[in-house]
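Start counting at 1 in the sequence shown, then tack on 12, and there's your number in this note's numbering.
Shown next, in structure tokens, is the structure this report addresses.
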Amino acid sequence: MAEILGVGITHYPPMLGYPKTYANLIRGIMHSKLVPEDMKQPANWPKGMQEEYDDEAAQAIIHQQRHKEALSTVRQAIDDFAPDAIIIFGDDQYENFKEDVIPPFNMYCMDSFPAQPFTFVNTKENIWGVDPEHKFSVPGAGKLAQQLADGVISKHFPIAYSYKYSNYPNLTHAFSNAMVFLDWEQKGWSYPIIPISVNCYGKSVISSRGGASHLFDQRPASEKDAYLDQPGPAGPTPQTCFNMGATLRQVLEERPERFVVMASSGWSHAFLTEKNHWLYPDRDFDRARFKELESGNHRAWVDLENDAVDDAGCQEFKNWICLSGVLPDYKPEIVDYLETWIFNSQKCFAIFRP
Ligand SMILES: [Fe+2]
Numbered sequence: 013m014a015e016i017l018g019v020g021i022t023h024y025p026p027m028l029g030y031p032k033t034y035a036n037l038i039r040g041i042m043h044s045k046l047v048p049e050d051m052k053q054p055a056n057w058p059k060g061m062q063e064e065y066d067d068e069a070a071q072a073i074i075h076q077q078r079h080k081e082a083l084s085t086v087r088q089a090i091d092d093f094a095p096d097a098i099i100i101f102g103d104d105q106y107e108n109f110k111e112d113v114i115p116p117f118n119m120y121c122m123d124s125f126p127a128q129p130f131t132f133v134n135t136k137e138n139i140w141g142v143d144p145e146h147k148f149s150v151p152g153a154g155k156l157a158q159q160l161a162d163g164v165i166s167k168h169f170p171i172a173y174s175y176k177y178s179n180y181p182n183l184t185h186a187f188s189n190a191m192v193f194l195d196w197e198q199k200g201w202s203y204p205i206i207p208i209s210v211n212c213y214g215k216s217v218i219s220s221r222g223g224a225s226h227l228f229d230q231r232p233a234s235e236k237d238a239y240l241d242q243p244g245p246a247g248p249t250p251q252t253c254f255n256m257g258a259t260l261r262q263v264l265e266e267r268p269e270r271f272v273v274m275a276s277s278g279w280s281h282a283f284l285t286e287k288n289h290w291l292y293p294d295r296d297f298d299r300a301r302f303k304e305l306e307s308g309n310h311r312a313w314v315d316l317e318n319d320a321v322d323d324a325g326c327q328e329f330k331n332w333i334c335l336s337g338v339l340p341d342y343k344p345e346i347v348d349y350l351e352t353w354i355f356n357s358q359k360c361f362a363i364f365r366p
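Structure (structure tokens):
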């Protein structure tokens, strides 16, 4: 019977770079035509947001320090557990999930993954101090992944799987950033990974190109594509995410290996939260989810609806719902919970010990 350790972290891309860049996204969003003119004036923001922005430099450094400490705690837990493999749930933001095929979930059965995450910051001012083109290899557990995919499918959950990347040359951001953050001190990473990409972005994975392109699209409606520039079909529901995790748990229980199962993502994202003019995340939605997590009642996430998740800009939270489906009976230890107005996304770090 497998032993399973659960962990949840963020893959916040600006954290690859220096703190002075963390609020660049909100400064960019303020140039969008979709943001009302009055909301481009910080004086009209919520009071807490104004205070955080006024103290941006110091707050960004605290943001980094808390990430670093939390990630170090999570890394230590992984090292102490010494897994045979680490299964990671992460969103695909129009990387491999493109116009040719968009599965709800895709398990990658590969023995190694080239990673090149620092192109995102595109400068040597990054936490590894490397050239932005720096490439490294992450080991994969391809054969084991193949067996897990077979097990999940045989238990009536038809997960998709791949033996190669189709549209993106390197390990996608949710996984490659996690590999950097969990190896912040560059001591090395030897645990083979099994990435499971989740179509968290659902209706907007194509129309927003898996990100914030809706905010900067200048084309008139007449120039937009009837399919690609309109909301598409929904992503997997929270119940589907939970059930996928629960099926995976059944498969893992029948195996002898030691597994870490990880959710890699922040929670509500500003650039996905229309009701907040895409300027700040839905802190109330996240607080409710955090209370459920803290009390060990995270299985309640199965009852969330897609519309509520999308309304909260919390699409990436579906990675955490997958994790909850694997470990509904585990009471997590909260490592840290970071609320923010100006650094795009809320972040949670937790360890689910057996
Ligand atoms: Fe992401």
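For glycine and all other residues, C-beta sits at the position ideal for the given N, C-alpha and C.
Since the structure is predicted, the reported quantities are computational estimates derived from the model, not experimental observations.
Residue i classed as buried or exposed, judged by whether at least 16 other C-beta atoms fall within 10 angstroms
i: L264; result: buried
i: K136; result: exposed
i: S280; result: buried
i: A134; result: Per the sequence presented here, residue 134 reads as Asn, with Ala not at that position. Flag for N134 reads exposed.
i: V314; result: buried
i: V9; result: Nothing can be reported for residue 9: it is not among the residues displayed for the chain, which extend from 13 to 366.
i: P366; result: exposed
i: I74; result: exposed
i: A238; result: exposed
i: D67; result: exposed
i: T131; result: exposed
i: D103; result: buried
i: E328; result: buried
i: S220; result: buried
i: D50; result: exposed
i: D319; result: exposed
i: H310; result: buried
i: G337; result: buried
i: P247; result: Per the sequence presented here, residue 247 reads as Gly, with Pro not at that position. Per the 10 Å Cβ criterion, buried.
i: V288; result: In the sequence under discussion, the amino acid at residue 288 is Asn, which differs from the Val named in the question. Label assigned to N288: buried.
beta-carbon residue i near ligand 1 non-hydrogen atom, thresh 8 Å
i: D298; result: no
i: D103; result: yes
i: S216; result: no
i: S277; result: yes
i: H23; result: yes
i: E402; result: With the chain covering 13 to 366 only, the question about residue 402 has no answer from this structure.
i: H226; result: no
i: H185; result: yes
CA nearest to the CA of residue i, picked from the options
i: N410; options: F364, V19, M27, T352; result: With the chain covering only 13 through 366, there is no way to say anything about residue 410.
i: E197; options: A157, Q88, L156, Y292; result: Q88
i: K215; options: A186, F169, D323; result: D323
i: K330; options: M256, K32, R267, D96; result: M256
i: A127; options: H185, H79, V86, I90; result: H185
i: Y342; options: N356, L305, E317; result: L305
i: E269; options: Y24, V19, I99; result: I99
i: L160; options: E328, E266, G222; result: E266
i: E107; options: N182, I206, F271; result: N182
i: R39; options: Y65, W201, A14, K359; result: Y65
i: R295; options: Q242, N118, K359; result: K359
i: G20; options: F297, R299, G278; result: G278
i: N138; options: F193, A246, P248, R78; result: F193
i: Y175; options: S166, I206, M191; result: I206
i: H23; options: W57, I346, Y173, Q76; result: Q76
i: I218; options: E111, E328, K287, D50; result: E111
i: L227; options: K45, A35, Y34, P58; result: K45
i: F254; options: E235, Y292, L240, C212; result: C212
i: P144; options: A312, G29, M191, E317; result: G29
i: D91; options: D195, V347, G247, D298; result: D195
i: W332; options: K59, P250, P232, D229; result: P250
i: M122; options: S225, H146, A70, Y177; result: Y177
i: F271; options: A153, A312, Y173, K287; result: A153
i: F93; options: N56, F148, W57, I16; result: I16
i: Y292; options: P25, M42, K32; result: M42
i: M191; options: D162, F148, S225; result: F148
i: Y173; options: N118, G163, D162, W140; result: N118
Inter-residue CB distance, residue i and residue j (contact presumed, cutoff 8 Å)
i: Y120; j: A82; result: Not really, about 26 Å apart at Cβ, beyond 8 Å.
i: W290; j: M61; result: With 8 Å as the limit, W290 and M61 do not qualify as a contact, their Cβ atoms being about 13 Å apart.
i: F364; j: S209; result: The pair is not a contact, with the Cβ atoms about 21 Å apart (cut-off 8 Å).
i: A275; j: C334; result: 7 Å
i: Y203; j: A362; result: The pair is not a contact, with the Cβ atoms about 19 Å apart (cut-off 8 Å).
i: P116; j: T259; result: In fact, because the Cβ distance is near 13 Å, the residues do not count as touching under 8 Å.
i: E283; j: N356; result: In the sequence as displayed, the identity of residue 283 is Phe instead of Glu. Indeed they touch by this definition, with Cβ atoms about 7 Å apart.
i: F125; j: V150; result: 5 Å
i: G223; j: Q105; result: 6 Å
i: L350; j: G18; result: Not confirmed; about 19 Å, so no contact.
i: P72; j: A14; result: At residue 72 the sequence reads Ala, which differs from the Pro that was named. Contact doesn't hold; Cβ gap of about 40 Å is too wide.
i: R78; j: D348; result: 6 Å
i: K32; j: A69; result: 7 Å
i: K155; j: Q262; result: So it is not a contact: roughly 20 Å between Cβ atoms.
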